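K.L.:
The sequence shown begins at 1 in the UniProt record's numbering and counts up one residue at a time. The following block contains the structure, expressed as structure tokens.
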Amino acid sequence: MRAGTPRQVLRAPHPLLSAVAEPVDPTAPEVVSAAADLLATLRRETSTTGLAAPQIGLSWRLIAFDTRLHPRSRSWAGELVLANPRLARAAHWDPGREGCASIAGLTADVLRASRITVHGHLPGTGETVTIEADAFEARCIQHQLDHLDGLLFLDRVPGALSLHRRLHSCDA
1 MRAGTPRQVL
11 RAPHPLLSAV
21 AEPVDPTAPE
31 VVSAAADLLA
41 TLRRETSTTG
51 LAAPQIGLSW
61 RLIAFDTRLH
71 PRSRSWAGEL
81 VLANPRLARA
91 AHWDPGREGC
101 ASIAGLTADV
111 LRASRITVHG
121 HLPGTGETVT
131 IEADAFEARC
141 IQHQLDHLDG
151 LLFLDRVPGA
161 LSLHRRLHSC
171 DA
């Protein structure tokens with residue numbers, strides 16, 4: 001995969017962030033290029049552990065994540081881009097603090113599964129992969145999957161008392 005070019009991260013209320021993303025052909029050159037750009041953008045956003053294609057202006061089912069440096073991370077699938085990811089299993093639901101590169105200054109307590117299985121395809125080869133994730137990595141992946149369905153973490157907040165001003169760069 002080429003090095004990629006970092007792109008601007010869209011901020012809410014941009015309409016792409018509330019649209020359902022389209023499936024992609026993981027072997028298509030434009031998808032491979034977008035995957036490289038998504039990773040380059042993720043690497044530039046040093047306080048971010050994941051991004052979805054809609055956040056960089058593409059309504060495609062493509063996510064990138066890398067949670068290895070996060071203090072609450074236990075599992076680590078690597079620095080990875082998945083095309084057409086889908087949640088196959090979710091268990092052990094827990095609340096946890098989340099933030100988002102597309103929402104400045106806010107975090108919230110969000111209920112998510114702490115153990116998940118996700119199926120997807122690697123851009124370029126189209127190889128099918130299965131990711132077993134837990135703890136923070138599971139939360140990060142679910143957050144990115146929500147972006148593909150036009151949801152922000154704020155859509156999962158039960159009320160205003162769950163919102164917090166962002167205080168740390170280690171929030172999701």
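Each residue gets a CB set at the ideal place from its N, CA and C atoms; glycine is no exception. Remember, predicted model here, so these are calculated numbers, not experimental data.
Please determine if the segment 43-52 and the segment 134-148 are in contact, where contact requires at least 3 C-beta pairs separated by less than 8 Å.
P.N.:
A contact exists between the segment 43-52 and the segment 134-148.
K.L.:
With respect to the alpha helix (DSSP H) encompassing T41, which residues constitute its N-terminal and C-terminal limits?
P.N.:
The residue labelled residue 41 in the question sits at position 41 within the sequence shown. P29 to R44 is the span of the alpha helix (DSSP H), which, as asked, contains T41.
K.L.:
So what does R89 bridge to, in DSSP terms?
P.N.:
Locating residue 89 in the sequence shown gives position 89, counting from the first residue. In the DSSP output, where bridge partners are listed per residue, R89 has T117.
K.L.:
Out of C140, T41 and S59, state which residue places its alpha-carbon closest to the alpha-carbon of A77.
P.N.:
On the sequence shown, position 77 is the one that residue 77 refers to. Among C140, T41 and S59, the Cα nearest to that of A77 is on C140.
K.L.:
Here's a check: name, in chain order, each residue in its chain whose Cβ is nearer than 7 Å to the Cβ of R89, leaving out the five neighbours to either side.
P.N.:
Residue 89 sits at position 89 when you count from the first residue of the sequence shown. Only I116 and T117 meet the Cβ criterion.
K.L.:
Using the C-alpha atoms, what's the distance from R86 back to I119?
P.N.:
Taking the sequence shown and counting its residues from 1, the one referred to as residue 119 is at position 119. Taking the sequence shown and counting its residues from 1, the one referred to as residue 86 is at position 86. Note that residue 119 is His in the sequence shown, not Ile. Answer to the nearest angstrom: the Cα atoms are 5 Å apart.
K.L.:
If you follow the beta strand (DSSP E) that E132 is part of, which residue opens it and which one closes it?
P.N.:
If you number the sequence shown from 1, residue 132 lands on position 132. Looking at the DSSP string, the run of the beta strand (DSSP E) that includes E132 is T128 to D134.
K.L.:
Quick one: give me the first and last residue of the beta strand (DSSP E) that L163 is part of.
P.N.:
Position 163 of the sequence shown, counting from 1, holds the residue named residue 163. Taken as a continuous stretch (DSSP letters only), the beta strand (DSSP E) holding L163 covers L163 to R165.
K.L.:
Keeping to the same chain, check which residues put their C-beta closer than 6 Å to that of L42; ignore five residues upstream and five downstream.
P.N.:
Along the sequence shown, read from residue 1 onward, the residue named residue 42 stands at position 42. Cβ neighbours of L42 beyond the five flanking positions: L51 and A64.
K.L.:
Count the CB pairs spanning the segment 120-134 and the segment 143-159 that are closer than 8 Å, and state whether there are at least three.
P.N.:
Too few Cβ pairs lie closer than 8 Å, so no.
K.L.:
By Cβ distance, which residues of its chain are closer than 6 Å to T94, with the 5 residues on each side in sequence left out?
P.N.:
In the sequence shown, counting from the first residue as 1, residue 94 sits at position 94. One point to set straight first is that residue 94 is Asp, not Thr, in the sequence displayed. Taken in chain order, the residues that qualify are S114.
K.L.:
Out of L80, E127 and A108, point me to the one whose CA is closest to A40's CA.
P.N.:
As a working note, residue 40 is residue 40 in the sequence shown. For the residues L80, E127 and A108, the minimum Cα distance to A40 belongs to L80.
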